[in-house]
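To start, the structure itself, in structure tokens.
Protein chains: 2
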Amino acid sequence: MANQLHLSIDRSSPVPLYHQVVQGIEAAIHTGLLEPGSRLENEIDLAAQLNLSRPTMRKAMDELVRSGLLVRKRGVGTQVVSSQVRRPLELSSLYDDLTNNGSKPTTEVLTFAHVEADDATRQALHLPAGAKVYHFTRLRKVGGKPLALMENWVRDDITHIDEELLGSQGLYGILRGGGVNFRLATQRIGAMVANEYQAPLLETEPGSALVTMERTAVDDTGRNVETGHHVYRADSYSFEMTLVQR
Amino acid sequence: MANQLHLSIDRSSPVPLYHQVVQGIEAAIHTGLLEPGSRLENEIDLAAQLNLSRPTMRKAMDELVRSGLLVRKRGVGTQVVSSQVRRPLELSSLYDDLTNNGSKPTTEVLTFAHVEADDATRQALHLPAGAKVYHFTRLRKVGGKPLALMENWVRDDITHIDEELLGSQGLYGILRGGGVNFRLATQRIGAMVANEYQAPLLETEPGSALVTMERTAVDDTGRNVETGHHVYRADSYSFEMTLVQR
DNA sequence: AACATCCTAATGTCAGGACAAACTATTGAC
DNA sequence: GTCAATAGTTTGTCCTGACATTAGGATGTT
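In order, the protein sequence lines correspond to chains A and B.
Every letter in the first sequence is one number past the one before it in this note's numbering, and letter 230, counting from 1, is 217.
Every letter in the second sequence is one number past the one before it in this note's numbering, and letter 85, counting from 1, is 72.
Quick look at the structure:
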């Protein structure tokens, strides 16, 4: 079963070896070199072929299993999952998703204020009484079509934010530029019908379906940096994800 | 910084050591023994205290980082995330979620058929032409209140399914009983407004908001076992998840 | 031919060590 | 006093080695 992965490992690269393996196998699956359902060679032989240790090989496969591309069974082997799997939902911003997708989103800042945080915001961001936050609402369009209406609250002790900045780039880009390393976010996805305020902005009818998302993001120092409440036109947006059994 | 985790490791237990550590730290966080934002001792000392090797300790912390409870920074240390983190979205069924939650869901089977798969279903389940599937719709209530309207298509070569079975337990429970080990699922979450068919069943008004979910589940042999299209009352259900930066 | 038993292959778990890279805080020089 | 070099701490990566556990086929018995 010479599976001829022709992966090449570059030991002088700063990219960790296990990650090079991950990328190599991902590529092999996407190019069809590794067909869905096919079995891989066992971990030990694969490691030997690439002059890697088994733990390193195993760590690479762990990631691929976690992301849903591979399936392992003890005593049997490892095989490529037959279904075409998309990337699991990652911590990314709408703006990044759209630009990565080749679209050119535009952002219109509807309101902008630097105000004292209300109770709900203080609780969401773990702020003391009297702390101030940036509070703003934005309308995001892609291809001239409105897609999302976003209301956010952001700590003001990270980086300066103003209306002009928000109009020119995504919020997460601004915050990353201010030194924030996002680590995780909790979010809740639901639905509502468009009200009189939302409908005209999103160029739809009151009563049409909207996808709602509430999110709070945490950075690597444990600070709750940002919380927001977004609504999306249901006919233009939905959340796609891959769930992996642990 | 004697953090007194008083974890006890049982080496005779069939539970892997690293998982015992995971459970111990999770418990410490949930009981408040480890406060949000507090730093843990370093990996090596913790491992030594529990008479474990560093890789084992590290594997445990890896899982906790992945699930969002801990945050690591090279050169600095590991700390408990300040926000209260919920479990990441796992591959679970609505029925399981409800029963684990202490609720007593009831299921009403609206339609049931054993029919030849249509094109869309054949494609979703990777079935050959002429293959047959179980096709059924169910209404799930909890506390007498309707919550979800579910339409599913299931391969018929796994286990026998009938109307009575579906009324008494969850679909995933039936399939697991039939020897299926679920591994992953891809799903898409969106929104729609209730139509004339859905509204009376869900005891709501036409035009009210519904959360929609489409899911296809894959088992450990790579078979696409089940695909379904569910709608939930938006006022009673939403999807909550934790996203972790990779 | 049907069944139970053994064997093999593969993944799962665990240990102990070594060095690299990144961040902090201290120390030193100007 | 301010800034830069340095040392120390902690996580990140990688290695070798060992044994346990499981699934499934092969073997042998009834």
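Even for Gly, the Cβ is constructed at its ideal location relative to N, Cα and C.
None of the values given here were measured: they were computed from a predicted structure.
Which term fits residue i, buried or exposed, when burial requires 16 or more other beta carbons within 10 angstroms of its beta carbon?
i, result
"A:His217", "buried"
"A:Arg220", "buried"
"A:His147", "exposed"
"A:Asn139", "buried"
"B:Glu22", "exposed"
"A:Asp106", "exposed"
"A:His122", "buried"
"A:Gly19", "exposed"
"A:Gly130", "exposed"
"A:Val63", "exposed"
"B:Gly177", "buried"
"A:Ala111", "buried"
Just the Cα atoms here: how many angstroms apart are residue i and residue j?
i, j, result
"A:Asp222", "A:Ala196", "8 angstroms"
"A:Arg41", "B:Val96", "50 angstroms"
"B:Leu189", "B:Met179", "14 angstroms"
"B:Thr301", "A:Tyr159", "Residue numbering for chain B in the displayed model covers -12 to 233; residue 301 of chain B lies beyond these limits and cannot be assessed."
"B:Tyr184", "B:Leu134", "15 angstroms"
"A:Asn88", "A:Ala172", "22 angstroms"
"B:Leu152", "B:Ile161", "8 angstroms"
"B:Met48", "B:Ala15", "14 angstroms"
"B:Asp207", "A:Lys60", "8 angstroms"
"A:Gln7", "A:Gly157", "30 angstroms"
"A:Ser80", "B:Tyr82", "31 angstroms"
"B:Arg26", "B:His17", "15 angstroms"
"A:Ile12", "A:Leu4", "13 angstroms"
"B:Val58", "B:Ser90", "33 angstroms"
"A:Ala186", "A:Ser225", "18 angstroms"
"A:Leu85", "B:Glu227", "23 angstroms"
"B:Val198", "B:Thr108", "22 angstroms"
"B:Val120", "A:Val120", "55 angstroms"
Mind checking if residue i is an interface residue toward chain B, Cβ cutoff 7 angstroms exclusive?
i, result
"A:Glu22", "no"
"A:Ser225", "yes"
"A:Ala196", "yes"
"A:Gly55", "yes"
"A:Leu230", "yes"
"A:Val58", "yes"
"A:Val68", "yes"
With a CB to CB cut of under 6 angstroms and the five nearest residues on each side skipped, what residues in its chain are close to residue i?
i, result
"B:Arg45", "Glu30"
"B:Leu114", "Ala104"
"B:Leu33", "Met44"
"B:Val2", "none"
"A:Thr93", "Lys128"
"B:Arg202", "Ala172, Gln174 and Gly215"
Would a check of beta-carbon distances place residue i closer than 7 angstroms to chain A?
i, result
"B:Arg175", "yes"
"B:Arg170", "yes"
"B:Arg61", "no"
"B:Asp207", "yes"
"B:Met179", "yes"
"B:Ala118", "no"
"B:Leu221", "Checking the displayed sequence, the identity of residue 221 of chain B turns out to be Ala instead of Leu. Closer than 7 angstroms to some Cβ of chain A, the Cβ of B:Ala221 qualifies, so yes."
Within the same chain, show all residues whose beta-carbon is closer than 8 angstroms to that of residue i, passing over the 5 residues directly before and after it, in chain order.
i, result
"B:Asn38", "Ile(-4)"
"B:Gly164", "Thr146"
"B:Ser(-1)", "none"
"A:Ala116", "Arg109"
Smallest Cα separation from residue i: which of the options?
i, options, result
"A:Asp143", "A:Thr93, A:Leu136 and A:Arg210", "A:Arg210"
"A:Met137", "A:Met200, A:Asp83, A:Gly89 and A:Arg163", "A:Met200"
"A:Ala100", "A:Glu150, A:Ser79, A:Tyr184 and A:Val63", "A:Glu150"
"A:Thr214", "A:Leu57, A:Thr124, A:Val2 and A:Val231", "A:Thr124"
"A:Val181", "A:Lys119, A:Val141 and A:Gly194", "Looking at the sequence provided, one finds Ala at residue 181 of chain A rather than Val. Answer by Cα proximity: A:Gly194."
"B:Gly154", "B:Lys128, B:Ala172, B:Ile176 and B:Arg175", "B:Lys128"
"B:Thr229", "B:Gly177, B:Thr208 and B:Gly55", "B:Gly55"
"B:Leu102", "B:Gln110, B:Leu112, B:Gly177 and B:Ala118", "Position check: residue 102 of chain B holds Val in this sequence, whereas Leu was assumed. Out of B:Gln110, B:Leu112, B:Gly177 and B:Ala118, B:Ala118 has the C-alpha closest to the C-alpha of B:Val102."
"B:Val205", "B:Gly177, B:Gln174, B:Phe169 and B:Ile176", "B:Phe169"
"A:Leu(-6)", "A:Gln36, A:Arg26, A:Ala186 and A:Ser0", "A:Gln36"
"B:Val141", "B:Val212, B:Ser225, B:Leu57 and B:Phe226", "B:Val212"
Looking only at its own chain, which residues have a Cβ that is under 7 angstroms from the Cβ of residue i, when we skip the five neighbours before and after it?
i, result
"A:Leu126", "Glu95, Leu97, Pro133, Leu136 and Leu188"
"B:Met(-12)", "Only weak support is given to the placement of B:Met(-12): the predicted model assigns it a pLDDT of 39, under 50, and the value that follows is read from those uncertain coordinates. The residues are Glu28."
"B:Arg53", "Val231"
"B:Val9", "Ala47, Glu50 and Leu51"
"B:Val167", "Ile145, Asp206 and Val212"
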